[in-house]
Amino acid sequence: LQTKYQQRQKDTISHFEIEDQNFTVVVEFILLGFSDLPKIQGVLFGIFLIMYMTILLGNTLIIIITKTDPSLQTPMYFFLGNFSFLEICYTSVTLPRMMMNLWTKKRNISFLNCALQLCFLLMLGGAECLLLAVMAYDRYVAICKPLYYSLIMNSKVCIQLVVASWISAMPIVIGQTYQIFSLPFCGSNKLNHLFCDMPPLLKLACGDKFMNEFSIYADAVVFAMVPFLLILGSYIKIITTILEMPSTTGRYKAFSTCSSHLIVVALFFGSAIITYSIPKSNNMSGMDKVLSLFYTIVIPMFNPMIYSLRNKDVIAALKKILPK
1 LQTKYQQRQK
11 DTISHFEIED
21 QNFTVVVEFI
31 LLGFSDLPKI
41 QGVLFGIFLI
51 MYMTILLGNT
61 LIIIITKTDP
71 SLQTPMYFFL
81 GNFSFLEICY
91 TSVTLPRMMM
101 NLWTKKRNIS
111 FLNCALQLCF
121 LLMLGGAECL
131 LLAVMAYDRY
141 VAICKPLYYS
151 LIMNSKVCIQ
161 LVVASWISAM
171 PIVIGQTYQI
181 FSLPFCGSNK
191 LNHLFCDMPP
201 LLKLACGDKF
211 MNEFSIYADA
221 VVFAMVPFLL
231 ILGSYIKIIT
241 TILEMPSTTG
251 RYKAFSTCSS
261 HLIVVALFFG
271 SAIITYSIPK
281 SNNMSGMDKV
291 LSLFYTIVIP
301 MFNPMIYSLR
311 NKDVIAALKK
321 ILPK
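Numbering (our numbering), first residue to last: 1 to 324.
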């Protein structure tokens, strides 16, 4: 009888342990990242370190010259300086953490840090989309309404547009992040991604995710699709106006002032649209990582080069502050 009683106690304890395991509260996630490539962790760390230093140096130089050079005290370069600062912040949300994981080989991230990373990533990503739309509007006014440019794009309006770009997404993104991390997470806590992002997090979440998925698409429409359509509309009017110019030199000069911005828009929105529109499957996880690297690291690294190499004013300003 004593043996049967002890066996019944063991079965009861095991039953409760299984139940507890099914409803375990997730306190941290594991970012798998490049764990499937153990032999090149050091190489990847070196590559990411060089890329991060390039991003910091290039964008910092753009900020310095747009603030100090008298010839660059115009709305276009005011927005460019803010965009460069935004790129530094946007990259710093993910890249230092990725490098730390590669260096220490510890890929765990706490529940709170993952929520903060996602919140800042979405907030800064939304701000970048809005600021790109503001920069397109600035080029539209400069080319299509040149006589009213100084009146429309005065310093007060420029500051208001930049502040609106930075803060517009904040309340919605904070609410969306709270919704996602309010979901119960069951089973595995391994995120098959480089950083905390919405699609891999929703894969691990349990319960009814319809409202979360709906809010993701709604936010994508507001903070990505609407700015993209505004940019597209602006450039349709810009190109139409440029083609109507009688002078070939005037057409070339007008197009050269917005070609750099157009390249950045195409790269950023193109990679982001592909990332979030392709079918999600385990076989595509590697492609998701590459594309996410492209719009979070590669584009911010090349943006200063795109703006400087295609802009004579920026090149002249850089020559003033850089050694011969």
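By construction, the Cβ of each residue, glycine as well, lies at the ideal position given by its N, Cα and C atoms.
Treat the numbers as computed from the prediction; the structure is a model and nothing was measured.
Coil, strand or helix - residue i by DSSP
i	result
Gly58	helix
Asn331	The question about residue 331 has no answer here: the residues shown for the chain are numbered 1 through 324.
Glu213	helix
Phe29	strand
Phe185	strand
Lys190	strand
Ala169	coil
Asn311	coil
Ser110	strand
Asn22	In this prediction, Asn22 scores a pLDDT of 48, lower than 50, which makes its location untrustworthy; no coordinate-derived value is stated.
Residue environment, residue i, which counts as buried when at least 16 other CB atoms sit within 10 Å
i	result
Phe23	Confidence is the limiting factor: at Phe23 the pLDDT is only 47, short of 50, which leaves the residue's position unreliable, though a coordinate-based value still follows. Exposed, since its Cβ has fewer than 16 Cβ neighbours within 10 Å.
Gly42	exposed
Val134	buried
Asp138	buried
Thr108	A small correction: the amino acid at residue 108 is Asn; Thr does not occupy that position in the sequence shown. So Asn108 counts as exposed.
Asn154	exposed
Met123	buried
Ser234	buried
Pro304	buried
Leu37	exposed
Met76	buried
Met198	buried
Leu293	buried
Tyr178	exposed
Pro184	exposed
Pro200	buried
Ile236	exposed
Leu102	buried
Ile238	buried
Same chain, Cβ closer than 7 Å to residue i, neighbours up to 5 away in sequence not counted
i	result
Asp219	Ile172 and Gln176
Ser308	Val314, Ile315 and Leu318
Gln21	Unreliable placement is indicated for Gln21, whose pLDDT of 45 sits below 50; the coordinate value is still reported in the next sentence. Closer than 7 Å at Cβ, skipping near neighbours: no residue.
Ile62	Leu80, Gly81, Ser84, Pro304 and Tyr307
Spatially closest choice to residue i from the options, by CA coordinates
i	options	result
Trp166	His193, Leu130 and Lys190	Leu130
Ala224	Ile263, Lys237, His261 and Ser271	Ser271
Cys196	Met170, Thr241, Leu118 and Leu229	Leu118
Leu112	Ser247, Lys253, Phe181 and Leu191	Phe181
Ala164	Asn82, Ile55 and Leu201	Asn82
Pro227	Pro199, Leu202, Pro75 and Phe268	Phe268
Lys106	Leu229, Ile64 and Phe34	Phe34
Thr296	Asn192, Ala115 and Thr94	Thr94
Val222	Leu57, Ser168, Ala115 and Leu121	Ser168
Ala115	Ile40, Ile174, Gly58 and Cys186	Ile174
Ser331	Phe120, Lys67, Lys39 and Gly58	Look at the range of the chain in this structure, 1 to 324, and you will see that residue 331 is not part of it.
Ser110	Leu191, Thr257 and Ile238	Leu191
Met170	Gly126, Leu322 and Cys186	Gly126
Lys253	Leu202, Lys312 and Tyr52	Lys312
Spatial neighbours of residue i in its chain, beta-carbon cut-off 6 Å, leaving aside the 5 residues before and after
i	result
Gln9	In this prediction, Gln9 has a pLDDT of 43, which is less than 50 and means its spatial position is unreliable; what the coordinates show is noted afterwards. Around Gln9: no qualifying Cβ.
Lys289	Leu194
Val265	Leu132 and Ile231
Phe78	Cys158
Ser69	It should be pointed out that residue 69 corresponds to Asp in this sequence rather than to Ser. Hits under 6 Å: Ala317.
Phe255	Ile242
Glu213	none
Arg251	Ile242 and Met245
Ala136	Ile231 and Ser234
Lys320	none
Cys186	Cys206
Ser215	Gln176
Pro146	none
Sequence-distant residues of the same chain with beta carbon closer than 8 Å to residue i, five excluded per side
i	result
Tyr217	none
Asn189	Val26, Glu28, Phe29, Ile30 and Leu204
Ile306	Ser260, Ile263 and Val264
Val141	Tyr148, Tyr149, Ile152 and Met153
Val162	Phe78, Phe79, Asn82, Leu131 and Val134
Leu72	Ile65, Thr66, Asp313, Val314 and Ala317
Residue i at chain D interface by Cβ criterion, 8 Å
i	result
Ala205	No chain D is present in this structure, which holds just one protein chain.
Contact test: residue i Cβ vs the ligand HEM heavy atom, cutoff 7 Å
i	result
Ser92	Of ligands this structure carries none, so the ligand HEM is not represented either.
The region 87-103 contacting the region 144-163, beta-carbon criterion three pairs below 8 Å: no
Any chance the region 297-304 sits against the region 81-92, with 3 or more Cβ pairs inside 8 Å? yes
At a cut of 8 Å, does the region 205-213 reach the region 46-61 through at least three beta carbon pairs? no
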